[in-house]
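All remarks here apply to the structure that follows.
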Amino acid sequence: MFISQDREWFAGDCNRKTAEDLLQRINKDGAFLIRYSSAQSTHQPYTLAVLYQEKVYNIPIRFLEGKKNEEDRKIQDLDEMISYHKNNQLLLIDSKSQAKHTAHLTHPVRT
Numbered sequence: 001m002f003i004s005q006d007r008e009w010f011a012g013d014c015n016r017k018t019a020e021d022l023l024q025r026i027n028k029d030g031a032f033l034i035r036y037s038s039a040q041s042t043h044q045p046y047t048l049a050v051l052y053q054e055k056v057y058n059i060p061i062r063f064l065e066g067k068k069n070e071e072d073r074k075i076q077d078l079d080e081m082i083s084y085h086k087n088n089q090l091l092l093i094d095s096k097s098q099a100k101h102t103a104h105l106t107h108p109v110r111t
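FYI, UniProt numbering numbers position 51 of the sequence shown as 51, with every residue one higher than the one before it.
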């Protein structure tokens, strides 16, 4: 999937550490950016990084192929995903404690 480099939330080749530093500098719940995934996989080409309560959540963006359940929401592109989660909460799960939080995408950040 092609993504325009001029998106206000697209950080491109920004690595995980740099992305986390950028978001923590903004220090606002819901600050977010999308960067190329370090995995460089065609099924997981991007990572959404979101700041919530001073913690950065790195969420792999996956492209699914094949059958979907009727309940699954099909999002066409990254712009639509961002727009959707500006108005609908995104589930954030802490990988260590498994604590669950929800947040809206509110403050786009780029390098």
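All residues carry an ideal CB built from backbone N, CA and C; glycine is no exception.
Here the structure is a predicted model, which is why all the values come from computation and not from measurement.
Proximity to T47 [Cα-Cα], best of V56, G12, R35 and D79 | Of the listed residues, the one whose Cα sits closest to T47 is R35.
Given a threshold of 16 other Cβ atoms within 10 Å of its Cβ, counted over all protein chains shown, does H43 qualify as buried or as exposed?
-> Exposed: under 16 other Cβ atoms inside 10 Å.
Shortest alpha-carbon distance to N27 belongs to which of A39, P45, V50 and R16?
-> Among A39, P45, V50 and R16, the Cα nearest to that of N27 is on V50.
Under 8 Å between C-beta atoms of L22 and T106 = No, the Cβ-Cβ distance between L22 and T106 is not below 8 Å.
Any idea which residues DSSP pairs K55 with across the strands?
-> BP columns for K55 point to Y52.
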